[in-house]
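Top to bottom, those sequences are chains Z and H. Last residue of the first sequence? That's 327 in my numbering, and every number before it is there in order. Last residue of the second sequence? That's 303 in my numbering, and every number before it is there in order. Yeah, the Cβ is synthetic: ideal placement off N, Cα and C, and Gly gets one too. The structure under discussion appears below in the form of structure tokens.
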Amino acid sequence: MRTRRTAVAWLFLAPFMVLFLLFTAVPTLSALGFSLTDLRGTDLRHPFAVNFTGVQNYLRLFQDDSFLRDILNTAVFVAVGVPLTMGVGFALALVLDSGIRRLRGAFRTVFFAPVVTNVVAVALIWRYAFNENGTVNRVLGAVGLAGPNWLDDQHLAMPVVIALGVWRNFGTAMVLFLAGLQAVPRDVYEAASLDGAGKRRQLWHITLPMLMPTTLMVSVLLTVFYLQVFDEPYLLTDGGPLGSTESVALYTYHQFGVGELGVSSAASFVMLVLVALVSVVQFRLLRPRS
Amino acid sequence: MTAITALQSTEPATGPADEPSAEPIPVRHRSVSQPLLYGALLLCALLTLLPFVWVLSGSLRGLDEIRSDPGAWLPHHVTFDNFTRLFRTQGFGRFLLNSVVVAVLVVVGNVVAASAAGYALAKLEFAGRRLAFAAVMTAMMVPVTSVFITQFVITVDLGLADTLTGIALPSMALPLSVFVMRQYARSIPDELLEAARIDGAGEFRIFFRIFLPLAGPAVATITIMSFLYSWNNFIWPLVVAQSMSSYTLPVGLAATSQAAAHVTDYGLMLAGAIVVMLPVLLLFLFLQRYFVRGVAGTGMR
Chain Z
38 MRTRRTAVAW LFLAPFMVLF LLFTAVPTLS ALGFSLTDLR GTDLRHPFAV NFTGVQNYLR
98 LFQDDSFLRD ILNTAVFVAV GVPLTMGVGF ALALVLDSGI RRLRGAFRTV FFAPVVTNVV
158 AVALIWRYAF NENGTVNRVL GAVGLAGPNW LDDQHLAMPV VIALGVWRNF GTAMVLFLAG
218 LQAVPRDVYE AASLDGAGKR RQLWHITLPM LMPTTLMVSV LLTVFYLQVF DEPYLLTDGG
278 PLGSTESVAL YTYHQFGVGE LGVSSAASFV MLVLVALVSV VQFRLLRPRS
Chain H
3 MTAITALQST EPATGPADEP SAEPIPVRHR SVSQPLLYGA LLLCALLTLL PFVWVLSGSL
63 RGLDEIRSDP GAWLPHHVTF DNFTRLFRTQ GFGRFLLNSV VVAVLVVVGN VVAASAAGYA
123 LAKLEFAGRR LAFAAVMTAM MVPVTSVFIT QFVITVDLGL ADTLTGIALP SMALPLSVFV
183 MRQYARSIPD ELLEAARIDG AGEFRIFFRI FLPLAGPAVA TITIMSFLYS WNNFIWPLVV
243 AQSMSSYTLP VGLAATSQAA AHVTDYGLML AGAIVVMLPV LLLFLFLQRY FVRGVAGTGM
303 R
């Protein structure tokens with residue numbers, strides 16, 4: 038009876054498990070395998086020409102100035118993108134939760150719309166708007182400033198790329214913070230009011246501490262998003278100008294594009310380890326709720 | 003105007019005990035700076051919506067108009083010329099069809115695979131359950147950007163490179179869908195299933211006749227989430243689709259716009275952007291709570 042029940046259960050699980058093995062388990066392990074070989078795109082038809090090269094690819098990777106630069110770029114994406122996204126999301130959540138009474142639903146709809154919007158479409162308008170003759174420079178021109186060609190500038194391209202990331206993700210942060218705020222029991226505030234605590238003190242001593250789990254979860258989530266950043270730099274600059282916006286994911290893609298499967302697998306494995314480290318934290322945060 | 007109203011209404015209420023502040027603060031009684039808050043929110047909303055406005059207005063402007071005045075806000079003459087050219091000359095009809103086919107495959111796959119797996123994980127006792135759940139959690143953590151190379155090699159080995167099946171297959175059983183279904187299934191009382199079991203119903207009968215009819219909300223959430231995922235998925239179709247005959251909308255749009263980067267035929271591209279954005283935005287407006295539930299319930303997209 039018990040074996041029969043187990044067989045039935047695994048039958049139910051079969052579609053998921055087959056695809057899991059084929060497209061998650063095997064690829065993860067073989068990414069590690071590939072990264073230890075000199076596999077190239079042209080070798081895919083002659084797998085026996087491939088040599089085991091040990092940690093050679095990793096050594097090459099960490100001696101490659103462009104990879105090191107891309108790690109730094111990715112760190113900038115995380116270090117600037119995560120706090121900005123969280124800050125905007127939190128401020129909006131706070132206002133929507135208790136600052137206003139009317140139009141909450143309408144504002145929430147508007148602020149969440151970027152999350153579901155296709156990034157390829159938005160990146161187009163971003164490029165158009167930050168063009169030399171684009172709408173942004175037109176606005177600057179109206180107040181007498183000559184705007185640059187944003188995405189062709191080594192120093193200005195990065196902020197524009199990050200801005201697209203923030204625009205796309207702050208709605209996610211907002212919705213998660215809203216859920217967190219709504220879980221704070223209202224009578225705590227009433228009690229604090231009766232005891233004479235001002236609004237600012239309530240924010241510092243009640244709201245923020247009680248939101249700690251949410252804040253932690255949002256920060257981990259966004260860190261994983263920004264660590265993997267690909268769409269925004271690929272679509273806006275393709276990593277340029279002069280590699281100033283190339284992320285690790287984009288490096289992987291570019292190496293893959295020129296047929297360097299071994300090197301790009303090594304880079305992707307570095308990414309996997311980074312994301313895994315952050316995700317272990319995330320797993321611990323999500324577990325008590327499940 | 004808003005600022006002045008805010009200032010006036012701030013005046014009388016500013017007592018010594020009450021900290022005057024424009025900051026949003028979580029208290030029940032209304033703060034005096036309401037108009038200021040609404041003003042700030044409205045400004046944020048406008049900034050958020052600006053890209054949509056630009057895409058729409060740009061897509062309705064003629065080619066020569068965009069050339070002569072690229073930074074203008076609104077079209078002088080509204081024209082649907084860009085949309086006609088898009089479908090007539092640029093193959094967007096094909097991309098649209100491909101996106102729809104892939105989305106249907108992905109949605110059907112997710113509903114089937116996740117309903118079955120989520121039910122088993124939540125409601126059946128069996129050897130290896132913890133292992134299976136660990137697989138779901140692992141799959142949620144592995145980033146696409148670090149496995150797409152080996153996924154591509156496997157897809158080539160399966161003979162599915164440059165096919166719509168190859169584009170759909172890896173996302174036909176998203177771990178998030180399984181997770182959502184498992185969480186939902188746990189909320190269905192065991193007694194219902196146990197009663198059927200005592201009546202002698204088989205496991206499959208219980209699943210189809212008793213569980214599935216109750217799982218409507220979860221199925222709806224999974225449908226919306228996996229549709230959204232499939233429709234907006236970019237990096238994987240970019241890697242797998244190698245010819246225009248298998249491009250999905252986002253890949254087709256990106257490829258066309260990169261080829262056209264120096265032609266500055268932005269009107270055409272923005273019309274393409276509308277075609278990509280519109281279905282999801284319309285769905286979102288009508289079925290908002292499912293979208294938000296997908297994100298808020300799990301913390302993932």
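Residue-level contact check: Met183 of chain H does not touch chain Z, since none of the beta carbons of chain Z fall below 7 Å from its beta carbon. In the pairwise beta carbon analysis, the stretch 187-203 of chain H is classified as not touching the stretch 127-136 of chain H: fewer than three pairs are separated by under 8 Å. Residues of chain Z whose Cβ lies closer than 7 Å to the Cβ of Glu205 of chain H are, in chain order, Val45. Residues of the stretch 122-133 of chain H that bring their beta carbon within less than 8 Å of a beta carbon in chain Z comprise Ala122, Leu123, Leu126, Glu127, Phe128, Ala129, Gly130, Arg131, in sequence order. Residue environment analysis places Pro53 of chain H among the buried positions, since at least 16 neighbouring C-beta atoms fall within 10 angstroms of its C-beta. Per DSSP, the beta bridge partners of Thr74 of chain Z are Z:Phe89.
Distance from the Cα of Val87 of chain Z is smallest, within the candidate group Z:Val318, Z:Leu311, Z:Val317, Z:Leu298, for Z:Leu298.
Pairing Phe210 of chain H with Thr43 of chain Z gives a Cβ-Cβ distance that is not under 7 Å.
When DSSP states are grouped into helix, strand and coil, Ala136 of chain H belongs to the helix group. As the crow flies, the alpha-carbon of Val242 of chain H is around 23 Å from that of Tyr263 of chain Z. Close to Thr61 of chain Z, with beta-carbon spacing below 9 Å, are these residues of chain H in chain order: Ala137, Thr140, Ala141, Val144, Val149, Gln153, Pro172, Pro177. Using a CB distance below 8 Å, the part of the stretch 98-124 of chain H facing chain Z consists of Gly111, Val114, Ala115, Ala116, Ala118, Ala119, Tyr121, Ala122, Leu123, ordered along the chain. In the structure shown, Thr165 of chain H falls within a coil segment according to DSSP collapsed to helix, strand and coil.
When C-alpha distances from Leu56 of chain Z are compared across H:Tyr292, H:Ala116, H:Ile151, the shortest belongs to H:Ala116.
Below 8 Å, too few C-beta pairs join the stretch 217-226 of chain H and the stretch 244-262 of chain H to call them touching: fewer than three. Identification of residues in the stretch 290-304 of chain Z having a C-beta nearer than 7 Å to some C-beta of chain H yields Phe293, Leu298, Ser301, Ser302, given in sequence order. Counting only the Cα atoms, Leu309 of chain Z lies some 9 Å from Met143 of chain H.
By the Cβ criterion, the stretch 240-256 of chain Z is not in contact with the stretch 100-116 of chain H, since fewer than three pairs of Cβ atoms, one from each stretch, lie closer than 8 Å. Judged by their CB atoms, Leu287 of chain Z and Phe306 of chain Z are not nearer to each other than the 7 Å cut-off. In the structure shown, Asp83 of chain H adopts helical secondary structure according to DSSP, grouped into three states. In summary, His79 of chain H is exposed, with fewer than 16 beta-carbon neighbours lying within 10 Å of its beta-carbon over all protein chains present. The stretch 158-238 of chain H is shown to contain whole alpha helix (DSSP H) runs of 4 or more residues at 166-170, 177-188, 192-200, 218-234, in chain order. Asp102 of chain Z and Val285 of chain Z have their C-alpha atoms spaced approximately 12 Å apart. Neighbours of Gln265 of chain Z in chain H, taken as residues whose beta carbon is under 7 Å from its own, are Pro145, Thr147 in chain order. In the structure shown, Asn94 of chain Z falls within a helical segment according to DSSP collapsed to helix, strand and coil. For Gly208 of chain Z, same chain residues with a beta-carbon under 6 Å away, outside a window of 5 residues either side, are Phe148, Phe149, Pro151, Val152 in chain order.
Per DSSP, reduced to three states, the secondary structure at Arg131 of chain H is helical.
Residue contact check for Asn234 of chain H against chain Z: a CB pair falls below 7 Å. DSSP, read as helix, strand or coil, puts Arg321 of chain Z in helix. For Ala198 of chain H, the nearest beta carbon of chain Z is not closer than 7 Å to its own beta carbon. It is roughly 12 Å from the alpha-carbon of Gln93 of chain Z to the alpha-carbon of Ala304 of chain Z. Of all residues in the stretch 218-232 of chain H, those with a C-beta nearer than 9 Å to a C-beta of chain Z are Leu230, reading in chain order. Not flagged as an interface residue toward chain Z: Ile190 of chain H, since no C-beta distance is shorter than 7 Å. Ile156 of chain H and Pro64 of chain Z have their C-alpha atoms roughly 8 Å apart.
Using a CB distance below 7 Å, the part of the stretch 245-262 of chain H facing chain Z consists of Pro252, Leu255, Ala256, Ser259, ordered along the chain.
The alpha-carbon separation between Leu58 of chain H and Asp83 of chain H amounts to approximately 13 Å.
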